[in-house]
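> For reference, the structure I am asking about is given below.
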Amino acid sequence: SVDSKSGSDQNINFKTFLANWAVAQHISQSSLCLLLNGIKQYTCQNCSFGIPSDPRSLLHTPRNTYTDVCGDVNLKSIHTKGPLIESCYNPQYRTMKCSNSTIRINTLADNCCELRNGNIIEVKNIAYCKELNTNVIIGNEFYNKKDLYDIPCPLSLIGIFIVEKLSELKIWPVEDVKTKYVKLPFKDNKFAVFPLIHQ
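This is the structure we're talking about:
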């Protein structure tokens, strides 16, 4: 029928738009998956066109291609200026290059990351931890994390937050770093943070 054909065309157009947008904006598969689930749950429960559950059907990628952003870690730019905390020693590094991004401790926009547990960290140094017998990031965890906007859907679904209130200095193994975040001043000592998937 004409209606079914129109719905089919709408479905194809929507999927094409989503796929093109995700590729152009370097949106990760995991973030796109969260966005699709959010659209289905909050806005399109009765849509005439189907919302795919798996972004890989949009992007035409194999089913086994989920990878961590920081797979291969390369530490660069040795320094001796700290900060260091107990059990951490030289060598210290200013730069941590991952497979798809670079974290730089001296650059406001580049010194932020997300850990595997979802915590957002402001990185102050990279050093060797004798107790853990591995290289670690030294930094502060943002205690408060909320949506930058919640209309048309919560932006936390794609990993975008407003963060504030830093913890004391802590350490985490570099292997715990999941994604680089871009951190921009917002207001009232808060920051807007955005996941950077490719660089």
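Sequential numbering of the sequence shown, starting at 40, is according to our numbering.
Just so it is clear, CB atoms sit at the ideal spot from N, CA and C, and this is done for glycine as well.
Can you find the residues in the same chain that come closer than 6 Å, C-beta to C-beta, to asparagine 183, ignoring five residues on each side of it along the sequence?
Only Glu203, Lys204 meet the Cβ criterion.
> Have a look at glycine 121 and tyrosine 167 and give me their C-alpha separation to the nearest angstrom.
Approximately 12 Å between the Cα atoms of the pair.
> Pop quiz: leucine 73 and isoleucine 197 are said to be a contact at Cβ under 8 Å. What is the actual Cβ separation, rounded to whole angstroms?
Indeed they touch by this definition, with Cβ atoms about 6 Å apart.
> Can you tell me which residues form a DSSP beta bridge with serine 173?
The question names serine, but residue 173 in the sequence shown is threonine. Cys168, per the DSSP bridge assignment.
> I'd like to check one pair, valine 162 with proline 212: are the Cβ atoms closer than 8 Å?
Cβ distance not < 8 Å, so proline 212 and valine 162 don't count as in contact.
> Mind pulling the beta strand (DSSP E) runs of 3 or more residues that sit fully within the segment 193 to 233?
Runs found: 200 to 205, 209 to 212, 216 to 224.
> Residues in its own chain within less than 7 Å of asparagine 223 by CB, not counting five upstream and five downstream?
Going by the sequence as given, residue 223 is leucine instead of asparagine. If we look at leucine 223 and ignore the five residues flanking it on each side, its Cβ neighbours are Ala148, Phe230, Ala231.
> I'd like the span of the beta strand (DSSP E) that includes arginine 143, first residue to last.
From DSSP, the beta strand (DSSP E) with arginine 143 extends over 141 to 143.
> Can you tell me whether isoleucine 117 is buried or exposed, with buried defined as 16 or more other CB within 10 angstroms of its CB?
By the 10 Å Cβ count, isoleucine 117 comes out exposed.
> I'd like to check one pair, leucine 114 with isoleucine 165: are the Cβ atoms closer than 8 Å?
Yes, the pair counts as a contact, with Cβ atoms nearer than the cut-off.
> Bridge partners for aspartate 186 per DSSP, in chain order?
Beta-bridge pairing links aspartate 186 to Phe200.
> Go ahead and label asparagine 129 buried or exposed: buried means 16 or more other beta carbons lie within 10 angstroms of its beta carbon, across all protein chains shown.
It counts as exposed.
> Relative to the C-alpha of asparagine 145, which residue among Ser138, Asp215, Val112, Gln131 is closest?
Closest option to asparagine 145, Cα to Cα, is Gln131.
> Any idea what DSSP makes of asparagine 113, helix, strand or coil?
Looking at asparagine 113 - three-state DSSP - the assignment turns out to be strand.
> To the nearest whole angstrom, what separates the beta carbons of leucine 235 and lysine 219, a pair I think is in contact under 8 Å?
Indeed they touch by this definition, with Cβ atoms about 5 Å apart.
> Identify whether asparagine 76 lies in helix, strand or coil by the three-state DSSP scheme.
Looking at asparagine 76 - three-state DSSP - the assignment turns out to be helix.
> How many whole angstroms separate the CB atoms of glutamate 170 and serine 206, which I take to be in contact at a CB cut-off of 8 Å?
19 Å between Cβ atoms; not a contact.
> Throw me the rounded Cβ distance for the phenylalanine 200 and aspartate 186 pair, which I believe falls under 8 Å.
Sure, about 7 Å apart at Cβ, within 8 Å.
> Going by the DSSP bridge assignment, what does asparagine 179 pair with across the sheet?
Per DSSP, Glu161.
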